[in-house]
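This note's numbering numbers the first residue of the sequence shown as 19 and each following residue consecutively.
C-beta atoms are modelled at their ideal positions from N, C-alpha and C, and glycine is treated no differently.
Here is the structure we will look at.
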Amino acid sequence: MNPQANLIFITSLLLGTTITISSNHWIMAWTGLEINTLAILPLISKSHHPRAIEAATKYFLTQAAASALVLFSSMTNAWHTGQWDITQLTHPTSSLILTSAIAMKLGLVPFHFWFPEVLQGSPLTTGLLLSTIMKLPPITLLYMTSPSLNPTLLTVLAILSTALGGWMGLNQTQIRKILAFSSISHLGWMAVIIIYNPKLTLLNFYLYALMTATVFLTLNTIKVLKLSTLITAWTKIPSLNAMLLLTLLSLAGLPPLTGFLPKWLIIQELTKQDMAPAATLISLLSLLSLFFYLRLAYCTAITLPPHTTNHMKQWRTNKSTSMAIAILTTMSVMLLPISPMILTIV
């Protein structure tokens, strides 16, 4: 893609996100979401492959439907209360429609079907944007409207997302689809706590974005898209593969690593809110996703491939992203000891 065009799309993406997260009026928030959608579409379809065009079409249709629901929800609320302020969403029907719209934008179960397909059809760098920065505006809207949302509905959506995110990722061989189901599973953890402690949702999102960015950039450096090529990729940059192993385990939420922090705090908060059954259920369901993270980690660490695959050997690595990967990997693995400081900041 032309560098100037690329710059325009990335700037529009940042502009749309900034407009949505800084607005108080529903129309401004909707405008930001629309700018975001239109800016990411060329980045999804830039390879001109039929799968990429299909992914862009699916993305456009679902996001357009979700945006229409956001408008409908805000207009219904304005009709009944006379308020266009995002924080004044008090009408129950509007809250219900908004929850559905945001679930569709994020890819929460049962509106999750588009997300793995779109991620599979996108390049790795666009997949990174879809999994991180594109999730920020909808999560911000949920954060601002969290006092008026329905706790039962969100808890059900969260538990279903964690269950299906783990269960549907078990049988995948495409790494982008595995990361899509991983994202759905993590969104379940964010949705379950947003009413009781919205700041924990944001902390969980920041740490998830950090770890996902590390994984996507690493995979982009070693040019891996399938499990079969991941098995033989250790010869390219062995040290990076070792770091990828640790980042995947962190994404799974294993204790000495960064990914354990949000899970620990969410379970603690749910227990304080007398929701021990929900905390137990969501913890057990995250074991499903732990299985496919361990499978990815095993494929990363294996040094004797069971069979050879035809793929391009890389003899020179891209130096521009290596510093970013080094910083992100360190943060993805080693933030747990400084968790008291993180909590004081948040």
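For the pair of segments examined, the segment 178-187 was found not to touch the segment 266-280: the number of CB pairs separated by less than 8 Å stays below three. H109 carries a coil assignment under DSSP once its states are collapsed to helix, strand and coil. According to the DSSP assignment, S140 belongs to no alpha helix (DSSP H), since it is labelled neither H nor E. Note: H43 is bridge-paired with D103 in the DSSP secondary-structure output.
Beta-bridge analysis with DSSP links Q192 to K244. By the CB criterion at 8 Å, L263 and T318 fall inside the cutoff. Closest in C-alpha terms to T362, from the list L89, M152, L218, A342, comes L218. Under the three-state reduction of DSSP output, G187 falls in the coil class, being neither helix nor strand.
Counting the other Cβ atoms within 10 Å of the Cβ of I356 gives fewer than 16, which makes it exposed.
Shown here, Q291 sits in coil according to DSSP, grouped into three states, outside any helix or strand. For S65, no alpha helix (DSSP H) run applies, since DSSP gives it neither H nor E. For P273, there is no enclosing alpha helix (DSSP H), since its DSSP letter is neither H nor E. Note on geometry: alpha-carbon atoms of W282 and P21 lie some 43 Å from one another. Each residue's CA atom was taken as its position, placing V88 and I345 some 37 Å apart. Cα atoms of A181 and T29: separation of roughly 36 Å, rounded to the nearest angstrom. The Cβ atoms of I62 and A47 lie no closer than 8 Å to each other. The beta carbon of Y214 lies closer than 7 Å to those of E287, Q291 in the same chain, with the five residues before and after it left out. Here P156 is near K123, since their CB atoms are less than 8 Å apart. Scanning T250, M352, I58 for the CA closest to the CA of L148 turns up I58. Nearest neighbour of A198 by Cα position, chosen from W132, V364, L235, turns out to be W132.
If you check the CB distance, I37 and I26 do not come in under 8 Å. Residue range 154-163 is occupied by the alpha helix (DSSP H) that includes Y161.
Residue L314 holds the alpha-carbon nearest to the alpha-carbon of S246 among I211, I202, H98, L314. Bounds of the alpha helix (DSSP H) holding P358 are 357-363. Per the C-alpha coordinates, the member of A260, L266, T265, I240 positioned closest to K254 is I240.
Assignment of G206 by DSSP, reduced to helix, strand and coil, places it in the helix class.
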